[in-house]
Amino acid sequence: MIIENSEVVLSVRDLTANVDGTPILKGVNLDVRSGEIHAIMGPNGSGKSTFSKVLAGHPAYEVTGGEVIFQGQNLLELEPEERARSGVFLAFQYPLEIPGVSNLDFLRVAYNSRRKAQGLEEIDAFDFDDLIEEKLDVVKMNPSFLSRSLNEGFSGGEKKRNEILQMALLEPKLGILDETDSGLDIDALRIVANGVNQLASPENSTILITHYQRLLDYIVPDFVHVMANGQIITSGGKELALELESRGYDWVLEEFAAEVGV
Amino acid sequence: MTIQVSPSPNPNSNAVSLTSALLDRDDYLTGLLNQVIATKTEGWLQDLRQSAASWVRHSTIPTTREEEWRFTDLSSLRQFQFNVETQSIQTDISSLTLSEAANSRLVFVNGVFAPELSAVAHLPSGIVVSNLASLPVVEQESVQQYLAQAEGAQEVFTALNTAGITDVAVVWVKKNVVVETPIHLLFISGETATISQPRCLVVAESGSQVSLVEEYTNRRGAESAEEEGVYFTNAVTEIWVGDNAQVNHTRVEREGAEAFHIGKTAIAQARDSRYTCHAITLGAKLSRHNLEILQTGEQTETTLNGLTMISGKQLADTHSAIALNYPHGISKQLHKCIVGDRAHAVFNGKVFVPKPAQLTNATQMNRNLLLSSKARIDTKPQLEITADNVKCAHGATVSQLEDDEIFYLQSRGIDENDARKLLINAFAAEVINQIPVTSLREILLNTVNNLKSISLDS
Chain A
1 MIIENSEVVL SVRDLTANVD GTPILKGVNL DVRSGEIHAI MGPNGSGKST FSKVLAGHPA
61 YEVTGGEVIF QGQNLLELEP EERARSGVFL AFQYPLEIPG VSNLDFLRVA YNSRRKAQGL
121 EEIDAFDFDD LIEEKLDVVK MNPSFLSRSL NEGFSGGEKK RNEILQMALL EPKLGILDET
181 DSGLDIDALR IVANGVNQLA SPENSTILIT HYQRLLDYIV PDFVHVMANG QIITSGGKEL
241 ALELESRGYD WVLEEFAAEV GV
Chain B
1 MTIQVSPSPN PNSNAVSLTS ALLDRDDYLT GLLNQVIATK TEGWLQDLRQ SAASWVRHST
61 IPTTREEEWR FTDLSSLRQF QFNVETQSIQ TDISSLTLSE AANSRLVFVN GVFAPELSAV
121 AHLPSGIVVS NLASLPVVEQ ESVQQYLAQA EGAQEVFTAL NTAGITDVAV VWVKKNVVVE
181 TPIHLLFISG ETATISQPRC LVVAESGSQV SLVEEYTNRR GAESAEEEGV YFTNAVTEIW
241 VGDNAQVNHT RVEREGAEAF HIGKTAIAQA RDSRYTCHAI TLGAKLSRHN LEILQTGEQT
301 ETTLNGLTMI SGKQLADTHS AIALNYPHGI SKQLHKCIVG DRAHAVFNGK VFVPKPAQLT
361 NATQMNRNLL LSSKARIDTK PQLEITADNV KCAHGATVSQ LEDDEIFYLQ SRGIDENDAR
421 KLLINAFAAE VINQIPVTSL REILLNTVNN LKSISLDS
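Structure below.
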């Protein structure tokens, strides 16, 4: 939701980044205020996923210029875990399978590291069980998933639900969902979208990175941005997504090229 | 006493044909032999030792020119002289005991039985846990039928051990007796320049069931800050699993950082028996574990789980061999190695499935995790199958900690070092979590968690 004069949570200015020496982000600008849901769309290879990974601090992405201010802090100076503890959450496009690490233990360790950063006392296994029970409901997840190894043998939909479960638990200030909808059937998509909608509040904000307009039927964004060739080339309201769905990306790219060419 | 496991023919019966020209070919080995045979015993045991000593005189310490020792160079062993201790030394073992085995523990220090540290007074009936010397004569004679009778008794280090036997840790489970309490066989070494030669004999009679923990450690446990001495442990364990009997065996090697450890585990499995081994290798500068399973009847089940976790300049070599010779056998093997710094792990896993072993189901998997660019693994799964109606599978993988996995954990607020630890622990836990003794499982998980090899390699 758009709230007049709400706090700017994330401010990205002229952000450039390389992967293996190749420039991928070529000057990204974006402001996200508390309460807002932003969708970033764009063709494959436009830099959407790179942008999400740079925000989360993936070591393979080298920031070459610009700045990212998150709640008044220079985000780029922080380690990935410090970003997470200060309230940035990235739901992965491809959540990793980690055999041997129980989902429940992992969730508890992650939750306690966030609490510690907030100056709160860590909670014990017993209290955590109650808490997680409640959060499972957000994504309609069966408790049996907790005793399994983290994402091991989970279906695509189960992995994405597990990501949203982690988000529900960690209550981030900024949630970045990287292609959370891709590869999901309609039932799984509904559950995931419903989970995200339940978690959205005036106190937090969300960036949805997606290739498909379909997700935006279930999670209604306040702003839609189109990314191409490492830049956000146009922005608009939710109606922009519908236009992209019916007309494709080419017209946006052409308009942008014409603009730059002038 | 009726036991259905059949010992192989006595090794000394074919020893005579070798000429004296081939005797004492290896001065270093002869020196070791003269040390270990100095303490005399009597009767059948002395005869057994003398025939083993003659085998040693015909042998040499293997070199890397031999296929079985290609990656494990024993020339470093030759730089040291070792003496035999004849006295057990008082030592504090409070950090080494297992609560589940508080009343079922045999302790040997530097190869010498330590009655004051052992606790076997309140054992359940139907099981004998004792050192050989304390057994009544009639039971000693039962031991005679089995001791040093396992296949491969002529192998140089096995024969060296046999030549020096002065005492044996004996576990004997009577027919149909199910022992719930795990038996802890604890061998503590660590005196500089000593050679100790622990010897275990386990006989599980028909229908019996027992769980064993066999552990080799230095005096204060692996994390001792004290300066480490160079010592040599040459251990041999023979396990006879009778018809339909079940043995769950955990072997833990966490010797001191400068130690040499060579160990043989020889198992004979009679029909319908089940044997499980969890072999954990953490210690020693150079270690070699030979794990040999011989199937002596049909429908046996063999489960081998192994974990080697080494760092620094350690070398740890595991050679396993499962020799099937009857139908309907099942063997499952998982061997994992975690190798840090400049350490070197070796795994060679043989599974023989000859013609008579039809309907065998054998799987073998070796997974390796390299934590440093200088760490090394040599792995050789070796299945020899001539039976034509069997199900056999094997594989080996070598991997590093994935940056993406670490990043995934970091992105949830877990710092990089903890993320690495979590991943390494998870890799190790797959093996450790199968150990049936809770307190040992916890000790090992804790040990793994505190190992230095987890430190970052930049």
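So the protein lines, in turn, are chains A and B. Counting with this note's numbering, you get residues 1 to 262 for the letters of the first sequence. Counting with this note's numbering, you get residues 1 to 458 for the letters of the second sequence. Cβ atoms here follow ideal geometry from the backbone N, Cα and C, with glycine treated the same way. Bear in mind the structure is a predicted one, so any value in this text is a computation, not a measurement.
From what residue to what residue does the beta strand (DSSP E) around B/G395 run? For this step, residue 395 of chain B is matched to residue 395 along the second sequence. Start and end: 391 to 400.
Does any CB atom of chain A fall closer than 8 Å to the CB of B/A222? On the second sequence, position 222 is the one that residue 222 of chain B refers to. Here B/A222 scores only 45 on pLDDT, less than 50, and its place in the model is too uncertain to base an answer on.
Could you check what DSSP says for B/T30 in three-state terms: helix, strand or coil? Within the second sequence, numbered from 1, the residue matching residue 30 of chain B stands at position 30. Helix at B/T30.
At least 3 beta-carbon pairs within less than 8 Å: the segment 226 to 245 of chain B vs the segment 261 to 271 of chain B: Verdict: yes, contact present.
What whole-angstrom Cβ distance do B/A245 and B/Q209 have, given they're in contact under 8 Å? Position 245 of the second sequence holds residue 245 of chain B. Position 209 of the second sequence holds residue 209 of chain B. Indeed they touch by this definition, with Cβ atoms about 7 Å apart.
In three-state DSSP terms, what is A/P143? Residue 143 of chain A sits at position 143 when you count from the first residue of the first sequence. Looking at A/P143 - three-state DSSP - the assignment turns out to be helix.
Could you tell me which whole beta strand (DSSP E) segments of length 3 or greater appear in the segment 329 to 377 of chain B? 330 to 339, 344 to 353, 361 to 370
Sequence-distant residues of its chain with Cβ nearer than 6 Å to B/T308 (five each side left out): Residue mapping note: residue 308 of chain B aligns to position 308 of the second sequence, counting from 1. Closer than 6 Å at the Cβ level, and outside the excluded window around B/T308, lie T281, A316, C337, A345.
Please work out which residues of its chain come closer than 8 Å, Cβ to Cβ, to B/T192, disregarding the five sequence neighbours upstream and downstream, and give them in chain order. Walking along the second sequence from the start, residue 192 of chain B turns up at place 192. For B/T192, where only same-chain residues beyond five positions count, the Cβ hits under 8 Å are G229, V230, Y231.
For the segment 29 to 39 of chain B and the segment 64 to 75 of chain B, state whether three or more C-beta atom pairs, one from each stretch, are separated by less than 8 Å. no
Name the residue from A/G183, A/P59, A/Q71, A/E254 whose alpha carbon lies nearest to the alpha carbon of A/T210. Locating residue 210 of chain A in the first sequence gives position 210, where the first residue counts as 1. Checking every option, the nearest Cα to that of A/T210 belongs to A/G183.
Pull up the distance between the alpha-carbon of A/D14 and that of B/T438, whole angstroms please. As a first step, residue 14 of chain A must be located in the first sequence, where it is residue number 14. As a first step, residue 438 of chain B must be located in the second sequence, where it is residue number 438. Approximately 56 Å between the Cα atoms of the pair.
Is B/Y408 helix, strand or coil when you go by DSSP? By 1-based counting over the second sequence, the position of residue 408 of chain B is 408. Correct three-state label for B/Y408: helix.
CA-to-CA distance, B/N161 to B/S287, given in whole angstroms: Position 287 of the second sequence, counting from 1, holds the residue named residue 287 of chain B. Position 161 of the second sequence, counting from 1, holds the residue named residue 161 of chain B. One C-alpha to the other measures close to 16 Å.
Does DSSP classify B/V168 as helix, strand or coil? Position 168 of the second sequence, counted from the first residue, corresponds to residue 168 of chain B. Coil.
Does the contact criterion of 3 or more C-beta pairs under 8 Å hold for the segment 167 to 175 of chain A versus the segment 185 to 194 of chain A? no
Would you verify that the beta carbon of B/G395 is, or is not, closer than 8 Å to some beta carbon of chain A? Here the question's residue 395 of chain B lines up with position 395 in the second sequence. Not an interface residue.
Reduced DSSP secondary structure (H/G/I, E/B, other) of A/S11: Locating residue 11 of chain A in the first sequence gives position 11, counting from the first residue. Strand.
Alpha carbon to alpha carbon, how far is B/L32 from B/T166? Taking the second sequence and counting its residues from 1, the one referred to as residue 32 of chain B is at position 32. Taking the second sequence and counting its residues from 1, the one referred to as residue 166 of chain B is at position 166. In a straight line, the C-alpha of B/L32 is about 15 Å away from that of B/T166.
Selection from B/E255, B/I262, B/V202, B/T397 that minimises the alpha carbon distance to B/N248: For the purposes of this step, residue 248 of chain B is taken as the residue at position 248 of the second sequence. Out of B/E255, B/I262, B/V202, B/T397, B/V202 has the C-alpha closest to the C-alpha of B/N248.
What residues in the segment 406 to 420 of chain B bring their beta carbon closer than 9 Å to a beta carbon of chain A? I406, F407, Y408, L409, Q410, S411, R412, G413, I414, D415, E416, D418, A419
I want to verify the contact list: residues of chain A whose CB lies under 8 Å from the CB of B/A270, in sequence order. What you label residue 270 of chain B is simply residue 270 of the second sequence in a count that begins at 1. Result: empty, since nearest Cβ-Cβ is about 35 Å, beyond 8 Å.
Three or more C-beta pairs under 8 Å: does that hold for the segment 132 to 140 of chain B against the segment 175 to 195 of chain B? no
Looking at the structure shown, is B/D415 part of a helix, part of a strand, or coil, going by DSSP? On the second sequence, residue 415 of chain B is found 415 positions in, with the first residue counted as 1. The answer is coil: DSSP assigns B/D415 none of H, G, I, E or B.
Determine, using beta-carbon pairs with one atom in the segment 59 to 77 of chain A and one in the segment 10 to 25 of chain A, whether at least three such pairs fall under 8 Å. yes
Where does B/Y216 fall in DSSP's three states? Locating residue 216 of chain B in the second sequence gives position 216, where the first residue counts as 1. B/Y216: strand per DSSP, three-state reduction.
Using a Cβ-Cβ cut-off of 8 Å, state whether A/G182 counts as contacting chain B. Here residue 182 of chain A is taken as the residue at index 182 of the first sequence, counted from 1. Reading off the sequence shown, one finds Ser at residue 182 of chain A, where the question assumed Gly. Residue contact check for A/S182 against chain B: no CB pair falls below 8 Å.
For B/W44, the first and last residue of its enclosing beta strand (DSSP E): Translated into the one-based positions of the second sequence, residue 44 of chain B becomes position 44. Premise fails: B/W44 lies in the alpha helix (DSSP H), 43 to 57, not in any beta strand (DSSP E).
Which residue marks the beginning of the beta strand (DSSP E) containing B/E292, and which one marks its end? Locating residue 292 of chain B in the second sequence gives position 292, counting from the first residue. Its beta strand (DSSP E) spans residues 286 to 295.
Does any CB atom of chain B fall closer than 8 Å to the CB of A/L131? Residue numbering aside, residue 131 of chain A sits at position 131 when the first sequence is read from its first letter. Not closer than 8 Å to any Cβ of chain B, the Cβ of A/L131 fails to qualify, so no.
Considering only the beta carbon of each residue, do B/Y426 and A/I98 sit closer than 8 Å? Within the second sequence, numbered from 1, the residue matching residue 426 of chain B stands at position 426. Within the first sequence, numbered from 1, the residue matching residue 98 of chain A stands at position 98. Note on residue identity: the sequence assigns Ala, not Tyr, to residue 426 of chain B. Against a cut-off of 8 Å, the Cβ pair of A/I98 and B/A426 comes out as a contact.
Give the straight-line distance between the Cα atoms of A/V299 and A/R33, rounded to the nearest whole angstrom. Outside the shown range of chain A (1 to 262) lies residue 299 of chain A, about which nothing can therefore be said.
Report the residue from B/Q154, B/A284, B/Q333, B/I310 whose alpha carbon sits nearest the alpha carbon of B/H278. For the purposes of this step, residue 278 of chain B is identified with residue 278 of the second sequence, where counting begins at 1. For the residues B/Q154, B/A284, B/Q333, B/I310, the minimum Cα distance to B/H278 belongs to B/Q333.
Does the distance from the C-beta atom of B/I127 to that of B/V173 stay below 8 Å? Locating residue 127 of chain B in the second sequence gives position 127, where the first residue counts as 1. Locating residue 173 of chain B in the second sequence gives position 173, where the first residue counts as 1. A contact, by the Cβ cut-off of 8 Å.
Between the segment 421 to 443 of chain B and chain A, which residues of the former have CB atoms less than 9 Å from a CB of the latter, in chain order? L422, L423, N425, A426, F427, A428, A429, E430, N433
Straight-line CA distance for B/V465 to B/L185? Shown here, chain B extends from 1 to 458; a query on residue 465 of chain B therefore has no answer.
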